[in-house]
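Mapping the sequence shown onto UniProt numbering, position 22 (from 1) lands on 22, and the numbers just tick up by one.
A virtual CB, placed ideally from N, CA and C, is assigned to each residue, including glycine.
Everything below concerns the one structure shown next.
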Amino acid sequence: MSSVFFRTLHARFDASGLRGLFTPRKPRNALLRVVLGLVGIAILAVLLVVGLFVGAAMVSFGLLRGALRSRGKAANARQADALDAEYRVVPKPGQPILR
């Protein structure tokens, strides 16, 4: 039922004029095609290299920041944040109590 609806909707709407606006056109000259293909590959390579360097810089900055942040704190200061209390284990229903 839905396929019939979309087929009739497609037949009523002609988008050939709109489709022509967004389709890339290849040049007819073979040399120009090769040059534009190489330019596209060069742009992709530049984006890949820049992305790798930015990613590596972000990771190294995070690791350096974490190392410098924990370097100033003493081990005793970390233990002062711990809670000292008595705890009781509540058994799950249906399981034997181990003592």
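Report, in whole angstroms, the separation of the C-beta atoms of residue i and residue j, which I expect to be a contact under 8 Å.
| i | j | result |
| --- | --- | --- |
| residue 36 | residue 27 | 7 Å |
Could you give the DSSP three-state label for residue i: helix, strand or coil?
| i | result |
| --- | --- |
| residue 94 | coil |
| residue 28 | coil |
| residue 19 | helix |
| residue 42 | helix |
| residue 162 | Within the shown structure, residues of the chain are numbered from 1 to 99, placing residue 162 beyond reach of any answer. |
| residue 89 | coil |
Any chance you could list the beta strand (DSSP E) runs of at least 3 consecutive residues sitting entirely within the region 46 to 77, in chain order?
-> none
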